[in-house]
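Trainee: Got a structure for you, written out below as structure tokens; questions coming shortly.
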Amino acid sequence: MPITGAVILLPTEEPARRALFERLERDPRVELGIEAAGRLALVVETETTRECTNLFDELSALEGVGAVLPVFHDFSDFHDARDAQAGPSDARSER
Amino acid sequence: MNRRDLLRGMAMSAASAAVLGAAEAQRNVVQLGTSPRDGVSWQKAPCRFCGTGCHVQVGVRDRRIVAIQGDPLAAVNRGHLCVKGYHVGLAPYGPDRLTRPLLRRNGELVPITWDQAIDVIADRIQANPAGFGFYGSGQWTIPEGYAATKFVKGGLGTNNIDANARLCMASAVTSFIATYGVDEPASCFDDFERCDVVICWGNNPAEMHPVLFSRFIDRRSRGEQVTLIDIGTRRTRTTGYAQHYLEMKPHGDLAIALGIMHLLIREGTYDRNFVERHCAFRALQEANPTLQGEAIDFETWKRRVEEYTPERVQELSGVPAAEIRRLAGLFGNRDLRITSLWCMGMNQHTRGTAVNNLVHGVHLLSGHWGREGDGPTSLTGQPSACGTVREVGTLCHALPGGGAVANPAHRAAAERLWSLPEGRISDQIGPHTMEMFRQFGLRPEEGGNIDTIWVQVTNPGQTIPNASEYFDRSRTIPGKFLIVSDVYPTLTTRAADLVLPSAMWVEKNGMFGNSERRTQQWFKMIDPPGEARDDCWQTIAVARRLFDRGHPGMRDAEGRFLFHTTDERGREVPIWDFRRYYDVNVDERLFEEYRGFTATKHKNLAPYREYVAARGLRWPVVEKPDGTWQETRYRFVEGEDPFVPESAGFQFYHSTSNDDRAQIWFHPYEPPPEVPDTEYPFWLCTGRVLEHWHSGTMTMRIPPLRRAMPQAYLELHREDAPQLGVANGDRVRVESRRGAIELVAWIDGRGQPPRGSVFVPFFDERLRINLVTLHEYDPFSKQPDYKKCAVRLRRVGRGAAS
Ligand code: SF4
Numbered sequence: 001m002p003i004t005g006a007v008i009l010l011p012t013e014e015p016a017r018r019a020l021f022e023r024l025e026r027d028p029r030v031e032l033g034i035e036a037a038g039r040l041a042l043v044v045e046t047e048t049t050r051e052c053t054n055l056f057d058e059l060s061a062l063e064g065v066g067a068v069l070p071v072f073h074d075f076s077d078f079h080d081a082r083d084a085q086a087g088p089s090d091a092r093s094e095r
Numbered sequence: 096m097n098r099r100d101l102l103r104g105m106a107m108s109a110a111s112a113a114v115l116g117a118a119e120a121q122r123n124v125v126q127l128g129t130s131p132r133d134g135v136s137w138q139k140a141p142c143r144f145c146g147t148g149c150h151v152q153v154g155v156r157d158r159r160i161v162a163i164q165g166d167p168l169a170a171v172n173r174g175h176l177c178v179k180g181y182h183v184g185l186a187p188y189g190p191d192r193l194t195r196p197l198l199r200r201n202g203e204l205v206p207i208t209w210d211q212a213i214d215v216i217a218d219r220i221q222a223n224p225a226g227f228g229f230y231g232s233g234q235w236t237i238p239e240g241y242a243a244t245k246f247v248k249g250g251l252g253t254n255n256i257d258a259n260a261r262l263c264m265a266s267a268v269t270s271f272i273a274t275y276g277v278d279e280p281a282s283c284f285d286d287f288e289r290c291d292v293v294i295c296w297g298n299n300p301a302e303m304h305p306v307l308f309s310r311f312i313d314r315r316s317r318g319e320q321v322t323l324i325d326i327g328t329r330r331t332r333t334t335g336y337a338q339h340y341l342e343m344k345p346h347g348d349l350a351i352a353l354g355i356m357h358l359l360i361r362e363g364t365y366d367r368n369f370v371e372r373h374c375a376f377r378a379l380q381e382a383n384p385t386l387q388g389e390a391i392d393f394e395t396w397k398r399r400v401e402e403y404t405p406e407r408v409q410e411l412s413g414v415p416a417a418e419i420r421r422l423a424g425l426f427g428n429r430d431l432r433i434t435s436l437w438c439m440g441m442n443q444h445t446r447g448t449a450v451n452n453l454v455h456g457v458h459l460l461s462g463h464w465g466r467e468g469d470g471p472t473s474l475t476g477q478p479s480a481c482g483t484v485r486e487v488g489t490l491c492h493a494l495p496g497g498g499a500v501a502n503p504a505h506r507a508a509a510e511r512l513w514s515l516p517e518g519r520i521s522d523q524i525g526p527h528t529m530e531m532f533r534q535f536g537l538r539p540e541e542g543g544n545i546d547t548i549w550v551q552v553t554n555p556g557q558t559i560p561n562a563s564e565y566f567d568r569s570r571t572i573p574g575k576f577l578i579v580s581d582v583y584p585t586l587t588t589r590a591a592d593l594v595l596p597s598a599m600w601v602e603k604n605g606m607f608g609n610s611e612r613r614t615q616q617w618f619k620m621i622d623p624p625g626e627a628r629d630d631c632w633q634t635i636a637v638a639r640r641l642f643d644r645g646h647p648g649m650r651d652a653e654g655r656f657l658f659h660t661t662d663e664r665g666r667e668v669p670i671w672d673f674r675r676y677y678d679v680n681v682d683e684r685l686f687e688e689y690r691g692f693t694a695t696k697h698k699n700l701a702p703y704r705e706y707v708a709a710r711g712l713r714w715p716v717v718e719k720p721d722g723t724w725q726e727t728r729y730r731f732v733e734g735e736d737p738f739v740p741e742s743a744g745f746q747f748y749h750s751t752s753n754d755d756r757a758q759i760w761f762h763p764y765e766p767p768p769e770v771p772d773t774e775y776p777f778w779l780c781t782g783r784v785l786e787h788w789h790s791g792t793m794t795m796r797i798p799p800l801r802r803a804m805p806q807a808y809l810e811l812h813r814e815d816a817p818q819l820g821v822a823n824g825d826r827v828r829v830e831s832r833r834g835a836i837e838l839v840a841w842i843d844g845r846g847q848p849p850r851g852s853v854f855v856p857f858f859d860e861r862l863r864i865n866l867v868t869l870h871e872y873d874p875f876s877k878q879p880d881y882k883k884c885a886v887r888l889r890r891v892g893r894g895a896a897s
């Protein structure tokens, strides 16, 4: 499953901040990290990359959120899936 | 620790580093090199996509990219990425990479060997050297562009080379030259940390330069007050962040800039001291105007801006007079720091040079110039539009390092540096992009002198305006031969006679130069698929084939091969043989040679090794007495620019008036060349979207990006839609005097054009909006206007939602 690290530029207004944190804390895919200078670190683990970018789109649209910026993306699964589709000999020749 | 936990730890560590800033990043980031824990090797590279030039760290295992991290040590992005950068590691892995050279025989593209392909190109060039044109790109790496320029200008002795950056930033180039005597922004991205006001002139950085834009938004998240003013012809994502949105009529920007100048003079709020010490005034000649123009005095200049009262500007631009006064009030306040930002909106403009000049003029006149956060900054769309096209000079009038083929001293210097016989470089400016493709689409007896074009790293079949006339036409004329080097099939490769498979991004060594004069370097990390090969090698291999056949241009004055390269023991390395290409670092060799050109216009570059160590350096880069190399943030500014002497304050040392002054231009307002009428009643504007990069060749093959934005669409105003009988999702025919396509309507979509105006993105090859756009271009920059032409609309089918 793709693993993504990201930074959220937080809302400055307290109600918007609270709403964002509530949204994040009830999402099992999200692990929250440190917060400093209006930024919050998080890690997201989703079934697909698309699911992750959908989540970022949803978070970006929340009141007061400045931006959701990805910083780390592991997608080794992508190759595994392609190898599985291609079969062992094809996968080797692709390398 | 299992692999999943390890990855989660790395992801959190990267996010923490980006939150905490550079010092923490030093301790916290993935270390470059191979991790013993999971066998992933990490190396740095700039992102492949836009001109922001974010740095990434690329994680490679088993010779495949498996992870991407924003580089927290990079000043440009401090670890942050946008959705395209997040997916950049997938760009090489589309299912249909080009892997073999293909030659069209009996209408079909059939595989041939590289050797045959090189022969075909050499044959075409030898048959008619003057009819050969090279069409490159702001995605060429610096060494690729340099090799192409040397091949054409130093080898073939023509100037038949141009690049797609002509279509995106040529007006910025002509304006920088007209204003400061030398190209490229004097300021840099540090402005975002310090400005009080950002003015976007027809620019949508929230989608087009998202990481750069986030630097400004980040300040707001920290509670700082920064005002954003969005001047545009359509509401965009950027508008959502703006305190003030000024909706203008197409070409209204000319009038707005003139209106600000008018008020600065009338209110006496211009910066008299700055203007008297550092500026001169200039306008176009009445007859035969040139980019140089003619000097005028301040009184004449003032008289010319007199008519641009706020009320007159409101009439011309549609922006209320009160807003023009607000803008002039901001510029009249020297306690503020104001950054003007622009990109395609001002450049793709039939008066692009003029409007660029005027915005520089507003900043110069008001003294909002040369302080951190206080100046005009133009952006580029491509990762190396600056580094390659503008600096290396892959344009039909240019020579490396800011030289011009029309200048005998520059030609002589280039001949010296390239060890060429005197007179090899032609003084005849070659055909610019629009002219090259116009000639390619004409028969010889109609003046179609270009009969062969070699396209590298770009997709003119999709991006040239009025494409049926300027691209498709050539495909019907016998004897016209199109060669295309690319990584994926495109509209251009499908129309080609010879297709060459190219290596991309980290499949080869490379260097880019971003929008803030930052030169960046990376090493090859993975192998290209099949027989795909570096574009630079392709150029050198053709040059060698011509050399072997006795072409005199491929020899220097001593009879050696134009790209003669030796190993450390002085023995020639046959870099034209791909098996030997990486025996030496060809990039380094070419870059070190290119450095020799860069001092002429004070665009000095450091040795290659400095870029290996750095996350890019902004030129001019000069050596300090202690042997370290120092980059420059602000040009022409004392204390920042090493070429400005003490106590000068500011010095425009390439001044066109030869007195160290910058030029404040007058240009009148002029209407667009085509405006809506009863037959074609709507304005059409075209542009980009967040998810896709330019013609979508790479991003449409990255499944999450393709799913996020699967096809092009037509943005339409909610009040225009019912009058046309159109509902969301309906199919609409968009037709101009040049062509037509059908698109799905999107009302209240991502962007919102005003009444009487529609917007269509150009990323989708299946919906080729450039069949509709206009080919008219700026008289100086020759950059076409993709932002405005007249169209009519007709519903042709009901959508699912109707
Ligand atoms: S902003 Fe541009 S350079 Fe930065 S990650 Fe996005 S596409 Fe790449």
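Line order of the protein sequences matches chains D and S.
First residue of the first sequence? That's 1 in the working numbering, and the numbers climb one at a time after it.
First residue of the second sequence? That's 96 in the working numbering, and the numbers climb one at a time after it.
The beta-carbon is built from N, C-alpha and C at its ideal position, and this holds for glycine as well.
Just so you know, these numbers come straight off a predicted model, no measurement behind them.
Rounded C-beta distance between GLY462/S and PHE369/S? I'm assuming under 8 Å.
Mentor: Right, the Cβ-Cβ distance comes to about 4 Å (below 8 Å), so this counts as a contact.
Trainee: Sort PHE857/S, VAL839/S, GLY496/S by Cα distance to GLY892/S and report the nearest one.
Mentor: Minimum Cα distance to GLY892/S is reached at VAL839/S.
Trainee: Which term fits SER89/D, buried or exposed, when burial requires 16 or more other beta carbons within 10 angstroms of its beta carbon?
Mentor: Confidence is the limiting factor: at SER89/D the pLDDT is only 48, short of 50, which leaves the residue's position unreliable, though a coordinate-based value still follows. That one is exposed.
Trainee: Considering only the beta carbon of each residue, do LEU593/S and VAL215/S sit closer than 8 Å?
Mentor: Contact: yes.
Trainee: I need the boundaries of the alpha helix (DSSP H) containing LEU586/S, first residue and last residue.
Mentor: First-last of the alpha helix (DSSP H) with LEU586/S: 586-589.
Trainee: Counting C-beta neighbours from all protein chains within 10 Å, is the total for ALA110/S 16 or more, i.e. buried, or is it exposed?
Mentor: Burial call: buried.
Trainee: Should ASP651/S and LEU515/S be called a contact, given that it needs their Cβ atoms to be closer than 8 Å?
Mentor: Yes. Within cutoff.
Trainee: If I follow the unbroken beta strand (DSSP E) through GLN616/S, where does it start and stop?
Mentor: Looking at the DSSP string, the run of the beta strand (DSSP E) that includes GLN616/S is 613-617.
Trainee: Taking the beta carbon of GLY711/S as the centre, do at least 16 other beta carbons fall within 10 Å, making it buried, or is it exposed?
Mentor: It is buried - the Cβ of GLY711/S has at least 16 other Cβ atoms within 10 Å.
Trainee: Once you ignore the five residues that flank PHE618/S on each side, which residues in its own chain have a CB closer than 7 Å to its CB?
Mentor: The answer, listed in chain order, is GLN138, ASN604.
Trainee: Look at the Cβ atom of PRO849/S, then the Cβ atom of GLU342/S, and state whether they are nearer than 8 Å.
Mentor: Closer than 8 Å, so yes.
Trainee: To the nearest angstrom, how far is the alpha carbon of VAL867/S from that of THR571/S?
Mentor: Going from the Cα of VAL867/S to the Cα of THR571/S covers about 20 Å.
Trainee: Would you say ALA91/D lies against chain S (beta-carbon separation less than 8 Å)?
Mentor: Annotation note: pLDDT 39 at ALA91/D (below 50); position unreliable, coordinate value reported separately. So, not an interface residue.
Trainee: For the segment 126-208 of chain S, list the alpha helix (DSSP H) runs that are entirely contained and at least 4 residues long, ordered along the chain.
Mentor: For the segment 126-208 of chain S, whole alpha helix (DSSP H) runs of length 4 or above, ordered along the chain, are 178-181.
Trainee: If the cut is a Cβ gap below 7 Å, which residues of chain D does PRO799/S touch?
Mentor: Residues of chain D passing the Cβ test: THR49, ARG50, THR53.
Trainee: By Cβ distance below 6 Å, which residues in the same chain neighbour VAL717/S in space, the five residues on each side in sequence not counted?
Mentor: Once the five neighbours on either side are set aside, the close Cβ partners of VAL717/S are ASN699, GLN725, PRO737.
Trainee: So, at 6 Å on beta carbons, what are the nonlocal neighbours of SER750/S in its own chain, with the 5 sequence-adjacent residues on each side left out?
Mentor: If we look at SER750/S and ignore the five residues flanking it on each side, its Cβ neighbours are GLY276, ARG756.
Trainee: Less than 8 Å between CB atoms is the rule here; does ALA19/D satisfy it with respect to chain S?
Mentor: ALA19/D does not count as touching chain S.
Trainee: Compile a chain-ordered list of the residues in the segment 173-188 of chain S whose CB is closer than 8 Å to at least one CB of chain D.
Mentor: Cβ contacts with chain D come from GLY174, HIS175, LEU176, CYS177, VAL178, GLY180, TYR181, HIS182, GLY184, LEU185, TYR188.
Trainee: Helix, strand or coil: which one does DSSP assign to VAL732/S?
Mentor: Correct three-state label for VAL732/S: strand.
Trainee: Do the segment 536-547 of chain S and the segment 661-670 of chain S touch if we need at least three Cβ pairs shorter than 8 Å?
Mentor: Counting Cβ pairs under 8 Å, fewer than three are found: no touch.
Trainee: Which runs of the beta strand (DSSP E) spanning at least 3 residues fall entirely within the segment 24-58 of chain D, listed in chain order?
Mentor: You should have 30-36, 39-45.
Trainee: Against chain S, does ASP27/D count as a neighbour if the rule is that its beta carbon must be under 8 Å from one of theirs?
Mentor: Output row for ASP27/D: interface = no.
Trainee: Does the ligand SF4 have a heavy atom nearer than 7 Å to the CB of ASN544/S?
Mentor: Not so, every heavy atom of the ligand SF4 lies at least 7 Å from the Cβ.
Trainee: Could you please give me the residues that DSSP links to GLU626/S through a beta bridge?
Mentor: None, per the DSSP bridge assignment.
Trainee: Shorter than 8 Å from the beta carbon of SER111/S to some beta carbon of chain D?
Mentor: SER111/S counts as touching chain D.
Trainee: Where are the alpha helix (DSSP H) runs, 4 residues long or more, that stay fully inside the segment 272-318 of chain S, in chain order?
Mentor: Qualifying alpha helix (DSSP H) stretches, in chain order: 286-289, 300-303, 305-316.
Trainee: With a threshold of 8 Å on Cβ separation, who are the neighbours of TYR764/S within its own chain once the five nearest residues in sequence on each side are excluded?
Mentor: Within the same chain, TYR764/S has close Cβ partners HIS346, LEU349, ALA350, LEU353, TYR403, LEU411.
Trainee: Distance check for ARG158/S and ARG92/D, CA to CA, integer angstroms please.
Mentor: Confidence at ARG92/D is low in this model, with a pLDDT of 37, below 50, so the placement of that residue should be treated as unreliable; the coordinate-derived value is given next. Going from the Cα of ARG92/D to the Cα of ARG158/S covers about 11 Å.
Trainee: List the residues of chain S whose Cβ lies closer than 8 Å to the Cβ of ARG97/D, in chain order.
Mentor: The question about residue 97/D has no answer, for chain D in this structure spans 1 to 95.
Trainee: Measure the Cβ-Cβ separation of VAL400/S and MET441/S and say whether it is below 8 Å.
Mentor: Result no, Cβ atoms of VAL400/S and MET441/S do not sit closer than 8 Å.
Trainee: Given the structure, does ASN172/S come close to the ligand SF4, in the sense that its CB is under 7 Å from one of the ligand's heavy atoms?
Mentor: Answer for ASN172/S: yes, Cβ within range of the ligand SF4.
Trainee: Would you say GLY176/S touches the ligand SF4, meaning its beta carbon is less than 7 Å from a heavy atom?
Mentor: It should be pointed out that residue 176/S corresponds to Leu in this sequence rather than to Gly. Yes - the ligand SF4 has a heavy atom lying nearer than 7 Å to the Cβ of LEU176/S.
Trainee: Find the residues of chain S that neighbour ALA67/D, judging by a C-beta separation of less than 7 Å, and give them in chain order.
Mentor: Those are SER309, ILE312, listed as they occur along chain S.
Trainee: Could you tell me which of GLY189/S, ILE237/S, PHE875/S, ALA509/S sits nearest to GLY791/S, measuring between CA atoms?
Mentor: Out of GLY189/S, ILE237/S, PHE875/S, ALA509/S, GLY189/S has the C-alpha closest to the C-alpha of GLY791/S.
Trainee: In its own chain, which residues sit with a C-beta less than 8 Å from the C-beta of GLY894/S, not counting the 5 before and 5 after it?
Mentor: Excluding residues within five positions, the ones whose Cβ falls inside 8 Å are ALA822, ASN823, GLY824, ASP825, ARG826, VAL839, ALA840.
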